[in-house]
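Protein chains in written order, with UniProt numbering: chain A, 1 to 142; chain B, 1 to 142. The beta carbon of each residue, even a glycine, is placed where N, CA and C say it ideally should be. Because the structure is a prediction, the values reported are computed rather than measured.
There are 2 protein chains.
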Amino acid sequence: MLYKIEEAAQTTGLTKRAIRYYEQIGLISAPERTEKGTRVYDDQDIERLQNVVTAKEVLGFSLQELQQYLDLKEQVKTVYSHYQSVQETTMQHEDLKQISDSLQAQIDMLDQKINQMTTFKTEMENLKNQADNVLSSFNKEK
Amino acid sequence: MLYKIEEAAQTTGLTKRAIRYYEQIGLISAPERTEKGTRVYDDQDIERLQNVVTAKEVLGFSLQELQQYLDLKEQVKTVYSHYQSVQETTMQHEDLKQISDSLQAQIDMLDQKINQMTTFKTEMENLKNQADNVLSSFNKEK
DNA sequence: ACAAAATATGACGTTAACGTTAAGGTTATA
DNA sequence: TATAACCTTAACGTTAACGTCATATTTTGT
Chain A
1 MLYKIEEAAQ TTGLTKRAIR YYEQIGLISA PERTEKGTRV YDDQDIERLQ NVVTAKEVLG
61 FSLQELQQYL DLKEQVKTVY SHYQSVQETT MQHEDLKQIS DSLQAQIDML DQKINQMTTF
121 KTEMENLKNQ ADNVLSSFNK EK
Chain B
1 MLYKIEEAAQ TTGLTKRAIR YYEQIGLISA PERTEKGTRV YDDQDIERLQ NVVTAKEVLG
61 FSLQELQQYL DLKEQVKTVY SHYQSVQETT MQHEDLKQIS DSLQAQIDML DQKINQMTTF
121 KTEMENLKNQ ADNVLSSFNK EK
């Protein structure tokens with residue numbers, strides 16, 4: 001399936017302006033264009049956009065941070081797809097270790113956030129129980 | 001222990017400007033002042049500041065959203081502490097149900113985010129394994 | 001084929017969340 | 001006690017992340 005920017009906006013929940021902006025700052029790669037310059041998005045493009053939206057919402061990253069996060073993912077995929085010829089490329093042992101370390105840092109950070117969120121959630125659940133207690137004692141008195 | 005704004009900034013990782021700004025927009029309550037107007041923070045103040053910082057980082061909320069989140073918590077605490085006299089106050093059954101529903105909405109949202117984050121984490125772990133695989137095959141060849 | 005609707009590229013506007021500087025009071029310390 | 005280091009408010013500056021025209025092309029429905 002192919003989509004123009006309006007449909008892309010609808011399905012991702014972004015505005016057209018935001019999509020163009022993301023393209024402009026390099027957060028997403030430029031999609032194909034028609035002969036005369038109209039942007040055309042395929043399913044993979046849409047999927048990536050969705051991914052960006054979700055990551056932004058969930059991780060609470062700025063677009064810059066998001067950029068780095070996505071770049072890191074891209075790097076690993078590149079490395080892995082060129083796996084066989086990796087010795088011949090400019091990819092150095094050091095670079096790979098760098099990537100691995102960055103990934104570990106991201107994992108640790110996610111872990112921390114997940115733990116903190118779980119704590120918040122527990123707190124909220126306690127609060128809700130308190131509220132519901134008051135509510136039920138309310139109902140008894142009727 | 002009592003702190004002036006500089007120390008409060010150091011221990012929370014915020015800037016002095018940010019702390020004053022948070023007070024200004026009502027995100028945190030105004031601390032005590034000395035005779036001549038210097039802000040003085042006690043341990044509870046600091047703890048609340050820390051809480052704000054963590055919540056902002058982890059939840060990725062805007063200060064407005066954070067405001068509502070904190071207000072909700074405050075509401076429940078107020079309700080619960082006035083529990084016995086709740087019938088005599090202006091607190092209506094409807095209001096309580098409203099609060100309970102808001103809390104549930106927050107809980108659901110946290111749950112979604114936790115799930116998504118866990119997904120992201122798993123993805124990162126897979127990527128790291130890939131990177132480490134390449135690394136170890138690198139080492140074997142030496 | 002032509003009007004209406006959608007798209008493209010500027011360019012300026014807006015809001016949140018502070019940063020920074022200025023001009024004064026205050027507190028600590030040598 | 002003076003003076004450096006810190007505090008205060010006020011006001012203007014800055015950056016990110018778009019919103020909102022404006023103007024020109026393109027695409028689409030009839």
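Residues of chain A with a Cβ closer than 8 Å to the Cβ of Ile-28 of chain B do not exist; the shortest Cβ-Cβ separation is about 18 Å.
In summary, the residues of the segment 101-121 of chain B whose CB is separated from some CB of chain A by less than 7 Å are Leu-103, Gln-104, Gln-106, Ile-107, Leu-110, Asp-111, Lys-113, Ile-114, Gln-116, Met-117, Thr-118, Phe-120, Lys-121, in the order they occur in the chain. Under the DSSP assignment, Ala-8 of chain A falls in the alpha helix (DSSP H) whose first and last residues are 5-12. Shortest Cα-Cα distance from Lys-97 of chain A to any of B:Asn-133, B:Ala-105, B:His-93 involves B:Asn-133.
At a cut-off of 7 Å between C-beta atoms, Asp-43 of chain A does not count as an interface residue with respect to chain B.
Within the segment 85-137 of chain A, no complete beta strand (DSSP E) segment of 3 residues or longer occurs. Straight-line spacing of the CA atoms in Ile-114 of chain B and Lys-4 of chain A works out to 33 Å.
Ser-102 of chain B sits away from Leu-59 of chain B, with the two beta carbons spaced by 7 Å or more. Counted as a single uninterrupted DSSP element, the alpha helix (DSSP H) harbouring Ile-46 of chain A occupies residues 43-59.
Taking the C-beta atoms as reference points, Leu-27 of chain A is found nearer than 7 Å to Gln-67 of chain A.
Ile-19 of chain B and Asp-43 of chain B have their C-alpha atoms roughly 15 Å apart. Between the C-alpha atoms of Leu-135 of chain B and His-93 of chain A there is a straight-line separation of about 7 Å. At a C-beta separation below 8 Å, Ala-131 of chain A has these neighbours in chain B: Val-76, Val-79, Tyr-80, Leu-96, Ile-99, Ser-100, Leu-103. When C-alpha distances from Gln-64 of chain A are compared across A:Gln-24, A:Met-124, A:Asp-95, A:Ala-8, the shortest belongs to A:Gln-24.
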